[in-house]
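Numbering (the numbering used here), first residue to last: 1 to 124.
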């Protein structure tokens, strides 16, 4: 099981090469009620990393995406806090090697609908 066997909040899933080996890992974020728990699995389904994208008391869940934002050949993990006001509005964070390196608030502080995240690559 990705999360506790009795957890029924769903799972958000993304894929990205977060360790630079040329093979995508599976990235999961717990759905509503599961907190901001992010887990990373290899192709065989073995857990290889995990972290809390936000305060572990936050129960809105976490949306996940992955992409090479800084063009170093290794994908970063991008998270969006799920429904519920996390401080100043919908929170988006970027992680490199499971550590936060950038964060933004998508809108004003009164908005509580959360933030979905995604990555696309546009070539010129």
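Idealized CB from N, CA, C, for every residue including glycine.
Remember, it's a predicted structure, so these values are computed and weren't measured experimentally.
8 Å contact criterion, which residue i and residue j should meet: CB distance rounded
i          : j          : result
residue 60 : residue 84 : 4 Å
residue 38 : residue 29 : 5 Å
residue 33 : residue 74 : In fact, because the Cβ distance is near 31 Å, the residues do not count as touching under 8 Å.
Residue i burial status per 10 Å Cβ neighbour count (16 or more: buried)
i           : result
residue 13  : exposed
residue 114 : buried
residue 102 : exposed
residue 25  : buried
residue 40  : buried
Those residues which DSSP pairs with residue i across a bridge
i           : result
residue 96  : 99
residue 38  : 29, 51
residue 76  : 67
residue 16  : 25
residue 117 : DSSP lists no partner for residue 117.
residue 105 : 91
residue 81  : 62
Cβ pair residue i, residue j closer than 7 Å
i          : j           : result
residue 81 : residue 16  : no
residue 76 : residue 99  : no
residue 35 : residue 9   : no
residue 18 : residue 78  : no
residue 64 : residue 27  : yes
residue 91 : residue 107 : no
7 Å CB neighbourhood of residue i in its chain, flanking five on each side removed
i           : result
residue 23  : 17, 43
residue 119 : 65, 66, 67, 78
Other residues of its chain near residue i: CB distance less than 8 Å, five sequence neighbours each side excluded
i          : result
residue 52 : 35, 36, 37, 38
Own chain residues within Cβ distance below 6 Å of residue i, not counting five before or after
i          : result
residue 3  : 30, 34
residue 50 : 39
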